[in-house]
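**Q** In full-length UniProt numbering, the protein residues as written are 1 to 354. Dumping the structure here so I can ask a few things about it.
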């Protein structure tokens, strides 16, 4: 790695002195940190923990993308923020705090959401993407875009007293999609619905930050090919092995999906099909499905929909039928559509149901 353009000034030698004296870091390692370009997708609890340590360690460029504003309910675990920040954009306030912590760090903030349309342009600019989000749609988007662009994806998820961490797309290792193709992996939960103790956000974020630093420094003991899970109520840690599924190579990257209006269909048009002609699948979570769904539809949540054996079953059962999928999220619908296209299953996306 060429690092001659990332020399340290005298003040940086003083700031990072306690790191530089570590035998496995030294001046060369500190320069590698200065060269690093990291994007945080999300500026919530995980980011409040990992971003300050990355900035303090001397990572050269930190990007933060988040369109959320600060609420009082965030303050219990999102310790980058204070009461006077309520109502302000998280990414803006986070950038200001990190710059105050380390003026040597180049901080770039974006008050927008990562979407299907902008994800390519954002992710291609950075070396490592930290998944600091709290929703399945964005995680899938990050996972597929990182796979497409060969970017390292540092994943974290929290709920209640539990945390999950893994490093995806590292030197040919598994991607985020592999996580949802295994039966031994506990389901992800959302801290917005399950609740979370603030210390879990701190612990999980610190582990993510530690993995980022190790990757930038060229260490070999990276948390790849496995999922670290821990429960701080019982103080238990487990490492679950992830298998590689080479069949994922056939999946079309979501950014290359055609905007083909022929794939969209209205609910009124669906009702003209006989039940023997079409299979209506709701790809939302079970709780969403139970609240409201289309009559005669079946529920296959997206993370289960992506499993190989479910695609094989659909292929068999729909030889003489169409499939119609629907969701209140267009990104989930497009991801499901890309999987169906990859196995040549005829299908529609139901438009404007919600």
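Even glycine gets a Cβ: it sits at the ideal position worked out from N, Cα and C.
Can you list, in chain order, the residues of its chain whose CB lies under 8 Å from that of residue 142, leaving out five sequence neighbours each side?
**A** Result list for residue 142: 41, 114, 119, 123, 129, 131, 133, 153, 176, in chain order.
**Q** Provide the residue span of the alpha helix (DSSP H) that contains residue 27, from first to last.
**A** 26-35 is the span of the alpha helix (DSSP H), which, as asked, contains residue 27.
**Q** Pick helix, strand or coil for residue 173, following the three-state DSSP scheme.
**A** Three-state DSSP puts residue 173 in coil, outside helix and strand.
**Q** Within the continuous beta strand (DSSP E) that includes residue 109, where are the two ends?
**A** From DSSP, the beta strand (DSSP E) with residue 109 extends over 106-110.
**Q** So, helix, strand or coil for residue 199, using DSSP?
**A** It is helical.
**Q** Got a sec? Which residues, its chain only, sit under 7 Å from residue 241 by beta carbon, not counting five neighbours each side?
**A** Answer for residue 241: 225, 226, listed in chain order.
**Q** Please name the residue in 209, 62, 200 whose C-alpha comes closest to that of residue 125.
**A** Considering only alpha carbons, the answer is 62.
**Q** Measuring only from the beta carbon, is residue 94 closer than 7 Å to any heavy atom that is part of the ligand SAH?
**A** Annotation note on the ligand SAH: not contained in the displayed structure, which lists no ligands.
**Q** For residue 282, which beta-bridge partners are listed by DSSP?
**A** Partner(s): 299, 326.
**Q** Please tell me whether residue 307 and residue 283 are closer than 8 Å, where the distance is taken between their beta carbons.
**A** Contact: no.
**Q** Under the assumption that residue 201 contacts residue 48 (Cβ atoms under 8 Å), give the Cβ distance between them as a whole number of angstroms.
**A** Going by Cβ atoms, the distance from residue 201 to residue 48 rounds to 7 Å, so yes, they are a contact pair.
**Q** What's the C-alpha gap between residue 34 and residue 6?
**A** Each residue's Cα considered, the two are about 6 Å apart.
**Q** So, for residue 79: in the same chain, excluding its five sequence neighbours on each side, which residues have a beta-carbon less than 6 Å away from its beta-carbon?
**A** So the qualifying residues of the chain are 48.
**Q** Please look up how many angstroms separate the CB atoms of residue 91 and residue 70, rounded, as I've assumed it's under 8 Å.
**A** With 8 Å as the limit, residue 91 and residue 70 do not qualify as a contact, their Cβ atoms being about 10 Å apart.
**Q** What residues in its chain sit with their C-beta under 7 Å from that of residue 173, if we drop five residues either side in the sequence?
**A** Only 224, 225 meet the Cβ criterion.
**Q** Which term fits residue 103, buried or exposed, when burial requires 16 or more other beta carbons within 10 angstroms of its beta carbon?
**A** Exposed, since its Cβ has fewer than 16 Cβ neighbours within 10 Å.
**Q** Do you know whose CA, among 36, 178, 238, 136, lies nearest residue 162's CA?
**A** Cα-wise, what sits closest to residue 162 is 238.
**Q** Give the DSSP-derived three-state secondary structure of residue 318 in the structure shown.
**A** Coil.
**Q** Residue 196 and residue 221 - do their beta-carbons sit closer together than 8 Å?
**A** No, the Cβ-Cβ distance between residue 221 and residue 196 is not below 8 Å.
**Q** With residue 121 as the anchor, note down where its alpha helix (DSSP H) starts and where it stops.
**A** Where residue 121 is concerned, the enclosing alpha helix (DSSP H) stretches over 119-123.
**Q** In chain order, what residues of the same chain have a beta carbon less than 7 Å from the beta carbon of residue 315, not counting five sequence neighbours either side?
**A** Correct list, in chain order: 343, 345.
**Q** Could you spell out the range, first to last residue, of the alpha helix (DSSP H) harbouring residue 135?
**A** It is not in any alpha helix (DSSP H) - residue 135 carries neither H nor E in the DSSP assignment.
**Q** Between which residues of its own chain and residue 270 is the CB-CB distance below 7 Å, once the five residues before and five after are set aside?
**A** Cβ within range, chain order: 278, 280, 324, 350.
**Q** So, with DSSP's three-state summary, where would you put residue 334?
**A** DSSP places residue 334 in helix when its eight states are reduced to three.
**Q** Just how far apart, CA to CA, sit residue 54 and residue 305?
**A** Taking the straight line from one Cα to the other gives about 36 Å.
**Q** What are the residues that DSSP puts in a beta bridge with residue 231?
**A** DSSP lists 162, 236 as partners of residue 231.
**Q** Am I right that residue 337 and residue 263 are in contact with their C-beta atoms under 8 Å? What's the rounded C-beta distance?
**A** Indeed they touch by this definition, with Cβ atoms about 7 Å apart.
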